């Protein structure tokens, strides 16, 4: 992918899609969770973190300067994409109350800009 803006958005979508698809493995067709909720949340955090790590490595391979700016832009874009897609799917389609969503799931997405900005700072300091 040549265009970094398109890559940013595509990777933001993937950062949401991969954990979402993985989460489906733990639900029955009726929407019942098949494992303990604490274990499920732990698995989702690991899947999301590993996905983000691979996407970050891939994204920053194509960046030659301005790492901190890229980390900030990437983090805010991915945060927005993840929140938007969750609001569409979990809140709109599955009827999860907005307040419950933000306290149970949405707040955890703040780790996205933390990770992207940290990578940006680390790369900026290495130069």
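Numbering (UniProt numbering), first residue to last: 1 to 127. The beta carbon of each residue, even a glycine, is placed where N, CA and C say it ideally should be. Note that the coordinates shown come from a computational prediction; the quantities given were computed from them, not determined experimentally.
Could you compute how far the alpha carbon of residue i sits from the alpha carbon of residue j?
i	j	result
residue 61	residue 49	18 Å
residue 12	residue 88	15 Å
residue 74	residue 52	11 Å
residue 119	residue 8	15 Å
residue 91	residue 102	10 Å
residue 106	residue 125	30 Å
So the alpha helix (DSSP H) residue i belongs to, where does it begin and stop?
i	result
residue 50	37-61
residue 121	111-126
residue 27	No alpha helix (DSSP H) holds residue 27; DSSP gives it neither H nor E.
residue 72	67-86
Taking 8 Å as the CB-CB limit, is residue i close to chain B?
i	result
residue 107	In the structure shown, chain B cannot be found, because there is only a single protein chain.
Regarding residue i and the ligand PLP, is the C-beta to nearest heavy atom distance less than 7 Å?
i	result
residue 103	As for the ligand PLP, it is missing from this structure, which has no ligand bound.
Looking at the structure shown, is residue i part of a helix, part of a strand, or coil, going by DSSP?
i	result
residue 33	strand
residue 95	coil
residue 128	A question about residue 128 goes unanswered here, because the residues of the chain that appear run from 1 up to 127.
residue 8	helix
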